[in-house]
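The next block holds one structure in the form of structure tokens; read it before the comments.
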Amino acid sequence: MHPSSLPVSKRITLLVRALNGAEKTNQALATCADGDAMVDILLGASAKLGLGLTRRDLSETPPIRDWIWFKNNQPLITIGK
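Sequential numbering of the sequence shown, starting at 101, is according to the working numbering.
Next comes the structure, spelled out in structure tokens:
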């Protein structure tokens, strides 16, 4: 089965797993100016993996949706430093 034929939530899970340990991609995500820049990087990663995710998929599906929100907004509270 081709990954792009899986449901969006499964494809997001595959993307998140692929990002685990991907130092260059994680560094690029951490230094993005905003959520739109994060989505651009994630779209590239999705394309390399053949997942066929769209900007909308990434923006609406947890946990990536939440990562984008936190990149664009200040958290309500922070714990620790």
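Note that beta-carbon positions come from the ideal geometry of N, C-alpha and C, so glycine has one too.
### Query
Residue range of the alpha helix (DSSP H) that ASN126 falls in?
Boundaries of the alpha helix (DSSP H) harbouring ASN126: 123-130, taken from the DSSP string.
### Query
Distance, Cα to Cα, LEU129 vs ALA137?
Between the alpha carbons of LEU129 and ALA137 lies a distance of about 8 angstroms.
### Query
Given a threshold of 16 other Cβ atoms within 10 Å of its Cβ, counted over all protein chains shown, does ASP140 qualify as buried or as exposed?
Exposed, since its Cβ has fewer than 16 Cβ neighbours within 10 Å.
### Task
Can you give me the Cβ contacts of GLY135 inside the same chain, cut-off strictly under 6 angstroms, excluding the 5 residues immediately before and after it?
Result list for GLY135: ILE168, LYS171 and ASN172, in chain order.
### Message
Cutting at 6 angstroms between CB atoms, please list the residues of its own chain near ASP157, excluding the five before and the five after it.
### Response
Excluding its 5 nearest sequence neighbours in each direction, ASP157 has C-beta neighbours in its own chain below 6 angstroms: VAL108, listed in chain order.
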